[in-house]
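Chemist:
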Amino acid sequence: MYAQVCTRPDIAYIVGMLGRYLSKPGMDHWKTMKRVMMYIKRTRQFILTYQRSDHLEIMGYSDSDFAGCLDSRRSTLGYIFMLAGGAISWKSVKQSLIASSTMEAEFIACYEASNQGIWLQNFITVLHIFIALRDH
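Using numbering that gives the first Met the number 0, you'd call the opening residue of the sequence shown number 0 and step up by one each time.
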């Protein structure tokens, strides 16, 4: 989980999915976890990199599935914010509400990403760094 939270946005989704079954894991979860560990080993050279730039701009992306959890019918949302070519903030989590449509699930994901984007903008303002914020 440390890798997913701090340095590996590429595994955020699967770590969140496996985390749902910590209290009662099955053999399929064990096999999936082993595959994730093999993936991490194969891609250990993947690192967060940032490029020098005179124009810093935060770019945010969000997405959601619709009722992807077969147990609860809840959707999974995800977002990532990039700065200077590298990820600075990301999240993949099951939505707390049950969306009644794809549009509603996407709207919830956009709302969560917007909240994080505003927080990032305020944080960077406190640091006295000028950065443009753009959501996609």
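From the three backbone atoms N, C-alpha and C, an ideal C-beta is built for every residue, glycine too.
Mind checking which residues open and close the alpha helix (DSSP H) that includes threonine 6?
Modeler: Premise fails: threonine 6 is in no alpha helix (DSSP H) and is neither H nor E.
Chemist: At which residues does the beta strand (DSSP E) containing threonine 75 begin and terminate?
Modeler: From DSSP, the beta strand (DSSP E) with threonine 75 extends over 75-82.
Chemist: Tell me the residue span of the beta strand (DSSP E) that contains alanine 86.
Modeler: Start and end: 85-93.
Chemist: Provide the residue span of the alpha helix (DSSP H) that contains tyrosine 38, from first to last.
Modeler: Tyrosine 38 -> alpha helix (DSSP H) spans 26-41.
Chemist: If you drop the 5 nearest sequence neighbours on each side, which residues of the same chain put their C-beta closer than 7 Å to that of aspartate 62?
Modeler: Correct list, in chain order: Gly77, Ala108.
Chemist: Taking isoleucine 117 as the reference, which of Thr101, Phe80, Lys33, Ile97 has the closest Cα?
Modeler: For isoleucine 117, the nearest C-alpha among the options comes from Phe80.
Chemist: Taking the C-alpha atoms as reference points, what is the distance between valine 92 and arginine 19?
Modeler: If I take the Cα positions, the gap works out to 10 Å.
Chemist: Excluding five sequence neighbours on each side, which residues of the same chain lie with their C-beta closer than 7 Å to the C-beta of arginine 72?
Modeler: Contacts found: Ala66, Ile97.
Chemist: Can you tell me the Cα-Cα spacing of leucine 17 and methionine 32, whole angstroms?
Modeler: Those two C-alpha atoms are separated by around 7 Å.
Chemist: Which value, in whole angstroms, describes the spacing of the CA atoms of glutamate 111 and isoleucine 128?
Modeler: Their Cα atoms are separated by approximately 24 Å.
Chemist: Classify isoleucine 46 as buried or exposed, calling it buried when 16 or more other Cβ atoms lie within 10 Å of its own Cβ.
Modeler: Exposed is the call here.
Chemist: Which partner residues does serine 137 have in the DSSP bridge list?
Modeler: The question about residue 137 has no answer here: the residues shown for the chain are numbered 0 through 135.
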